[in-house]
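Scroll down for the structure; my scribbles are underneath it.
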Amino acid sequence: MGWIGDTVDSIKSIQIRQLLTQAVSLGMIVTSALIIWKALMCITGSESPVVVVLSGSMEPGFKRGDILFLHMNKEPIRAGEIVVFNVDGREIPIVHRVIKVHERQDGEVDILTKGDNNYGDDRLLYAQGQLWLQRHHIMGRAVGFLPYVGWVTIIMTEKPIIKYILIGALGLLVITSKD
Amino acid sequence: MDWQGQKLAEQLMQILLLAFAVVAFATGYFMASFQMMIITYFGGVALTTLVTGPNWPFYNRHPLKWLDPSEVEKHPKPQPSASSTSKKKPVKK
Amino acid sequence: MGQLATCYLQNIITQFSGPCCVSSVAHAVALQGLHQPSRCHQPSLYCSASPSPLSSSQLSQPVPNQPLQHFASLWKNCCAVPNMHSFGYRANALLTFGITLLALMCGMASFSDNINSPSPSAHVQVLNINWFQKQPKGNDEVSMTMNISADLQSLFTWNTKQVFVFLAAEYETPKNSLNQISLWDGIIPSKEHAKFWIHTSNKYRFIDQGRNLRGKEFNLTMHWHVMPKTGKMSADKIVMPGYRLPEEYR
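These protein sequence lines are chains X, G and D, in that order. Under the numbering used here, the first residue of the first sequence is numbered 1, with each subsequent residue one higher. Under the numbering used here, the first residue of the second sequence is numbered 180, with each subsequent residue one higher. Under the numbering used here, the first residue of the third sequence is numbered 273, with each subsequent residue one higher.
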């Protein structure tokens, strides 16, 4: 009877070990993802280094679902650059092209933007009575471009049920998988 | 799919994909068409899937040979030296 | 291979489940343009807004199944020794390697743009000052007619989606160290359209911040912004100096 007890014990201990290993490696994955994201933030100097385009106001350059890589540095902003900016009272950032720049001697700058696919400039989108964007509105400028990849994120956001199904299934697999 | 077959499938997959990537890039570059590159590459991926995806017969040419149960009865206590022969046939690497 | 799979899984987790990076995902998801209402920041809405018949119909959609398989095998790949014994594992290995190669090809395509050394040319002629006046608010405004001709064909490579080209007036005033005002812009979709000639008045209003435009000397600069099919965007310009506005309003 002794060897049966031993076997049961060993099976139990194996399961606990497996569970722990899986928990630890899942934790490793999550934390290293966080590390990568934060490192990207440090390198690019932008608080969200990768963004997904959600509207067609920059077509045919950027379509819905494209991914932009942002970069933020001290260099002055010039006409023609594609910038991502926040407007006061509007929680969603906008990505548009700079068409007018007035830079003062002390480095303060007035910027006007416009979407390539829009008829008029962006003054209608700015806060009430705001004529120019200042430096602090700018979150970053677009430097790189990758088509279509952002659709995954858009689908996840707009059909959250798919997201929950995926997360649930992944969790289930993590718990039940044995190798 | 047997062990040899798995190895073969993995190698086939890598070589085929790499070859198609090179061909696609060259085609795209010299025809100056990005679309051409993508089409060629996805064609290659489809072909590779067809070759390495299903369990084709040629992946099963080295099945494991198990000993007959009667063979085991003749040697009820396998000796340490003979243990390797009484177990499954070692896989050639 | 296993490491790559881990990397992809990390991306996926970053994107979707992320309690780790709520703010970043919120930002990433929230880059929404003009007309669409925000759907990004109200997770509570989702629960109430998905009645059961709808959810069951979405359950039957084939979309999530394949990524699911992918996730599962990805997960196994980074925990266990990769093997090829079932279709799922082979499909996963194929997908991982395939995507890696595709990314590599895109990177090389983007890199190959550096080999191209463009030699574009541009010429602008100011034909007429239509009117030149002081606005009621006190800023100078001018309207002019121009002849723009340019040859940007050499900018196009196989990885070029479009070239955005614009003409800006650039000048210095006592108040501002630099003023850049876009006067005309256009999108060139292909190499065939890259050699053009256009007769136009300024598309955007030429308004100064102040009244410094009388007798002002300014540069006309032809800027272009190359948008690739994938990869790094690039920009450059040709400066054409020596234009001057009239001494008096008209």
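Idealized CB from N, CA, C, for every residue including glycine. In this text, all values refer to a predicted model and were calculated from it rather than measured experimentally.
Taking the alpha carbon of N419 (chain D) as the point to measure from, which residue in D:N400, D:L367 and D:F478 has its own alpha carbon closest? Nearest C-alpha to N419 (chain D): D:N400.
Can you name the residues that DSSP bridges to V201 (chain G)? Residue pairing from DSSP leaves V201 (chain G) without any beta-bridge partner.
Return yes when the Cβ of W496 (chain D) is within less than 8 Å of the Cβ of N474 (chain D), no when it is not. Contact flag unset, no.
According to DSSP, is L373 (chain D) part of a helix, a strand, or is it coil? Here L373 (chain D) sits in helix by DSSP.
What's the gap between the Cα of L125 (chain X) and the Cα of S48 (chain X)? Approximately 22 Å between the Cα atoms of the pair.
So for M72 (chain X), helix, strand or coil by DSSP? Coil, per DSSP.
On the premise that F199 (chain G) lies in contact with M377 (chain D), defined as a C-beta separation below 8 Å, what is that separation, rounded to the nearest angstrom? Actually they do not touch by this definition, with Cβ atoms about 10 Å apart.
Pairs of beta-carbons, one from the stretch 108-117 of chain X and one from the stretch 463-473 of chain D, closer than 8 Å: are there three or more? Contact fails: fewer than three Cβ-Cβ distances are below 8 Å.
Could you check where the beta strand (DSSP E) with P513 (chain D) kicks off and where it finishes? First-last of the beta strand (DSSP E) with P513 (chain D): S506 to R516.
Locate the alpha helix (DSSP H) running through L229 (chain G), then write down its first and last residues. Residue range F213 to T231 is occupied by the alpha helix (DSSP H) that includes L229 (chain G).
Length of the line joining the Cα atoms of L191 (chain G) and L197 (chain G): Straight through space, the alpha carbons of L197 (chain G) and L191 (chain G) are spaced by roughly 10 Å.
Under a CB-based cut-off of 8 Å, is Y515 (chain D) close to chain X? Interface flag for Y515 (chain D) against chain X is unset, since no Cβ pair is found closer than 8 Å.
Report the rounded CA-to-CA distance for F369 (chain D) versus I29 (chain X), giving the unit in angstroms. Distance between the alpha carbons of F369 (chain D) and I29 (chain X): 20 Å.
From which residue to which residue does the alpha helix (DSSP H) around W151 (chain X) run? Run containing W151 (chain X): W151 to E158, per the alpha helix (DSSP H) assignment.
By the criterion of Cβ-Cβ separation under 7 Å, what are the contact partners of L374 (chain D) in chain G? Against L374 (chain D), the close residues of chain G are Y220, in the order they occur along the chain (beta-carbon pairs closer than 7 Å).
Residues in the stretch 449-460 of chain D with C-beta within 7 Å of chain X's C-beta atoms, listed in sequence order? Listed in sequence order: S449, L450, N451, Q452, I453, S454 and I459.
Which runs of the alpha helix (DSSP H) fall wholly inside the stretch 93-176 of chain X and span at least 4 residues, in chain order? You should have 151-158 and 160-176.
Quick one: Cα of N451 (chain D) to Cα of G144 (chain X), how far? In a straight line, the C-alpha of N451 (chain D) is about 27 Å away from that of G144 (chain X).
Quick check: what's the CA-CA separation for T493 (chain D) versus P500 (chain D)? So the two alpha carbons sit approximately 22 Å from each other.
Pull out every residue of the stretch 493-508 of chain D whose Cβ sits closer than 9 Å to any Cβ of chain X, in chain order. Here the close residues are T493, H495, W496, H497, M499, P500, K501, T502, G503, K504, M505 and A507.
Measuring only the C-alpha atoms, how far is N117 (chain X) from T219 (chain G)? Between the C-alpha atoms of N117 (chain X) and T219 (chain G) there is a straight-line separation of about 32 Å.
DSSP state of F237 (chain G), grouped into three classes? Helix, per DSSP.
Taking one C-beta from the stretch 149-162 of chain X and one from the stretch 79-91 of chain X each time, how about it: are there three or more such pairs within less than 8 Å? With a cut-off of 8 Å, the stretch 79-91 of chain X and the stretch 149-162 of chain X do not count as touching, because too few Cβ pairs lie within range.
In the DSSP assignment, the alpha helix (DSSP H) including E489 (chain D) goes from what residue to what residue? Unbroken run through E489 (chain D) is the beta strand (DSSP E), E489 to P500; no alpha helix (DSSP H).
Taking only beta carbons into account, state which residues of the stretch 133-146 of chain X come closer than 9 Å to chain D, listed in chain order. Only M139, A142, V143, G144, F145 and L146 from the stretch 133-146 of chain X bring a Cβ to less than 9 Å from some Cβ of chain D.
Interface flag, L226 (chain G) vs chain D, CB-CB below 8 Å: Not an interface residue.
Considering only DSSP beta bridges, list what F478 (chain D) is partnered with. Residue pairing by DSSP puts F478 (chain D) in a beta bridge opposite D:V414.
Check for me: the beta strand (DSSP E) holding E250 (chain G) runs from which residue to which? Judged by DSSP secondary structure, E250 (chain G) falls outside any beta strand (DSSP E) and instead within the alpha helix (DSSP H) spanning P248 to K253.
Mind checking if F237 (chain G) is an interface residue toward chain D, Cβ cutoff 8 Å exclusive? False, the Cβ-Cβ gap to chain D never drops below 8 Å.
Return no unless some Cβ of chain D is closer than 8 Å to the Cβ of L191 (chain G). No, L191 (chain G) does not count as interfacial toward chain D.
Could you check the C-alpha separation between I94 (chain X) and I510 (chain D) for me, to the nearest Å? One C-alpha to the other measures close to 29 Å.
Return no unless some Cβ of chain X is closer than 8 Å to the Cβ of F466 (chain D). Contrary to the premise, residue 466 (chain D) reads as Ala rather than Phe in this sequence. No, no contact with chain X.
At 7 Å on the CB atoms, spell out the chain D contacts of L196 (chain G), in chain order. Under the 7 Å cutoff, chain D gives F369, G370 and L373.
If we count the other Cβ atoms within 10 Å of its Cβ and call it buried at 16 or more, is A375 (chain D) buried or exposed? With fewer than 16 neighbouring CB atoms inside 10 Å of its own CB, A375 (chain D) falls in the exposed class.
Can you grab the Cα-Cα spacing for the pair S426 (chain D) / E75 (chain X), in whole Å? Taking the straight line from one Cα to the other gives about 28 Å.
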